[in-house]
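In terms of full-length UniProt numbering, the sequence shown has 43 at position 43, counting the first letter as 1, and numbering is strictly consecutive.
This report refers to the structure that appears directly beneath it.
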Amino acid sequence: MAAPILLSVLLVVATAGVGAFAPDANGEQPAIEAGDDVPPPDASIAAVGAETGQLTAPDDYTRQLEPRGENATRVLGIPDDDVDSSDVRREHADIGPAVGYGTDATGMEIKTESIERQIESIEETDERQRQILAEISEIEQREITLNGRERTAVEAYSTGEIDARELVVRLARVSMEAQILRERLEMLGEQADETPDFSVDARANNIDFQLRTYDGPVRNHAKGILEGEHPSERVFVESGGDAVVLSMIHDGEYVREAKVPDRQDRSTTGSMELEGAESVTFGSYPEIAATREGADSIGSDGLFIVQVPHAGGELTTFVDGGSEQVFIDHQRIPLDDTIGQVPVSDVQEGLNVTVDRSYPGGPVRVTVLDVETDEPVIGATVTVGDAVQSETVGTTDIDGQHWVVSPRDPFLLTVLGEDTTVARLEIQPTETPHIEAYQLENETD
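Put into structure tokens, the structure is as follows:
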């Protein structure tokens, strides 16, 4: 068994939209040139192209391997040319946002209880109905405000006014407030049911579905991290205009959420029904549709949620009836079921390092084996950073593996072994497998 080594993944550039090492139209990566922002690689660094596997250094060990499995699962994302900002950063517990979340949540929950007591104290039916409707209208206005706050936060990150951490904090706060408003809305529905000849189900359901659009598995987990409920995690954050993508690796799963507001038309509900929302989902994600294990769809009046368990994980889409497009997707994929990574491998100074490359924000697997014994190197420390500083992200497991989310820009993989042995690869992320362009009217019986 090889002794533990230090495995260092060095990010070259944090912000996207200026992809200095972007592949050309054929998906090939040019040789890296020295510049003011990126130090030139030394003779031990091998640059691995997106498709070619050509070297820019004299070391001839690096090789391109065959892709693992089928194409990667499709994802809703931001077109490369539209990406404004991109970063991968570790979120830690933070007393500031945590106290803010707690204070805001407590205040809103107290107000909900107060509203409930007030309605229960009203004996006159007409007055009771008016009060319930007034409170529902208030929630409608709050939803519009949340929509504006979310867009403003994402746009601020896109323009560089706030950093990735602040964006995550703001998105988590919007999500928290939306959840409490949903609980208040549920309470009002129950009060309406107890009021003679009165129902608000249709209106309340429509508002509830809009409030669900501020939910997301990554932002919710990030909120738990900031509050100290979960250990720190690295989170990929990317935006373009008011569109946002978040992803992370947690507890053996790749977790991702994306929201592209331009794909939603809030001005009309359209005429779509549940079957149409399912068709849009299946047409947009053909590989998932081919291995789906059923589907569970809910929604009405122009907004639908489709949950699709499949052979490789679980997909949840939000389909807009006006645009007839998916504008939000949430994905959970067990790491063992991820497909489509393009591996590259390099043997240097007795270390065999394989990197299963992925798209920006996608799951990347790093595997380190001892060349002589072909045994995994267990307990290797994995760090990410740049030439000046790096951050520990974890250690390799019993298989000599560790998973990280891919940055948008190329990054250096550095393996430091005993006796100053060094192996370095420069890795180019693969292309994002965007969802299929699909129009509902194209479907035929």
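By construction, the Cβ of each residue, glycine as well, lies at the ideal position given by its N, Cα and C atoms.
Query raised in the report: Do you know how far the Cα of Ile435 is from the Cα of Pro79?
Result: Going from the Cα of Pro79 to the Cα of Ile435 covers about 11 Å.
Requested in this report: Quick one: grab the DSSP three-state call for Ile333.
Outcome: Collapsing the DSSP output to three states places Ile333 in a strand.
Report task. Report the three-state DSSP secondary structure of Asp80 (helix, strand or coil). Result -> Correct three-state label for Asp80: helix.
Report task. Sort Thr367, Gln131 and Ile305 by Cα distance to Glu329 and report the nearest one. Result -> Sequence inspection shows Asp at residue 329; the Glu mentioned does not correspond to that position. Nearest C-alpha to Asp329: Ile305.
Requested in this report: Using alpha carbons as the reference points, say which of Glu116, Glu257 and Ser175 lies closest to Leu188.
Outcome: Nearest in C-alpha terms to Leu188, of all of Glu116, Glu257 and Ser175, is Glu116.
Query - Given Ala178 as reference, the closest of Leu146, Thr195 and Val245 once Cα atoms are compared - result: When each option's Cα is compared against that of Ala178, the closest is Leu146.
Requested in this report: Give the DSSP bridge partners of Arg234, in chain order.
Outcome: Partner(s): Arg90.
Query raised in the report: Just the Cα atoms here: how many angstroms apart are Glu161 and Asp301?
Result: Rounded to the nearest angstrom, the two C-alpha atoms are 36 Å apart.
Requested in this report: With Val364 as the anchor, note down where its beta strand (DSSP E) starts and where it stops.
Outcome: Secondary structure note for Val364: its beta strand (DSSP E) is the uninterrupted segment Pro363 to Asp370.
Report task. Output yes or no for whether 9 Å exceeds the beta carbon distance between Gln401 and Thr367. Result -> At a Cβ-Cβ threshold of 9 Å, Gln401 and Thr367 count as neighbours.
**Report entry** Closest residue to Val235 among Val245, Gly241 and Gln264 (Cα-Cα distance)
**Finding:** Cα-wise, what sits closest to Val235 is Val245.
Query raised in the report: For Gly77, does the count of other Cβ atoms within 10 angstroms reach 16, so buried, or fall short, so exposed?
Result: Result: buried.
**Report entry** Whole alpha helix (DSSP H) elements within the segment 402-438, 4-residue minimum
**Finding:** Runs of the alpha helix (DSSP H) lying entirely within the segment 402-438, each at least 4 residues long, are absent.
Query raised in the report: Skipping 5 residues on each side, what residues in its chain have a beta carbon closer than 6 Å to that of Lys223?
Result: If we look at Lys223 and ignore the five residues flanking it on each side, its Cβ neighbours are Ala172.
**Report entry** Spatial neighbours of Arg182 in its chain, beta-carbon cut-off 7 Å, leaving aside the 5 residues before and after
**Finding:** So the list reads Asp208 and Leu211, once near-sequence residues are dropped.
**Report entry** Contact under 9 Å by Cβ, Ala164 with Asp87
**Finding:** Their beta carbons are under 9 Å apart, which means Ala164 touches Asp87 by this criterion.
Query raised in the report: Considering Glu314, what are the terminal residues of the beta strand (DSSP E) in which it resides?
Result: Segment Gly313 to Asp320, the beta strand (DSSP E) holding Glu314.
Query - Cross-strand partners of Arg256 (DSSP beta bridge) - result: DSSP lists Ser247 and Gln331 as the beta-bridge partner residues of Arg256.
Query raised in the report: Helix, strand or coil: how does DSSP classify Glu441 here?
Result: Three-state DSSP puts Glu441 in a helix.
Query raised in the report: Is it buried or exposed for Lys111, if we count other Cβ within 10 angstroms and need 16 for buried?
Result: Around the CB of Lys111, fewer than 16 other CB atoms lie within 10 Å, so the residue is classed as exposed.
Query raised in the report: Between the C-alpha atoms of Glu166 and Leu226, what's the straight-line distance to the nearest angstrom?
Result: Cα atoms of Glu166 and Leu226: separation of roughly 11 Å, rounded to the nearest angstrom.
Requested in this report: State buried or exposed for Gln264, treating a residue as buried only when at least 16 other CB atoms are found within 10 Å of its CB.
Outcome: In the assembly as shown, Gln264 is a buried residue. Its beta-carbon has 16 or more other beta-carbons within 10 Å.
Query raised in the report: How is Val344 classed by DSSP in three states: helix, strand or coil?
Result: Looking at Val344 - three-state DSSP - the assignment turns out to be strand.
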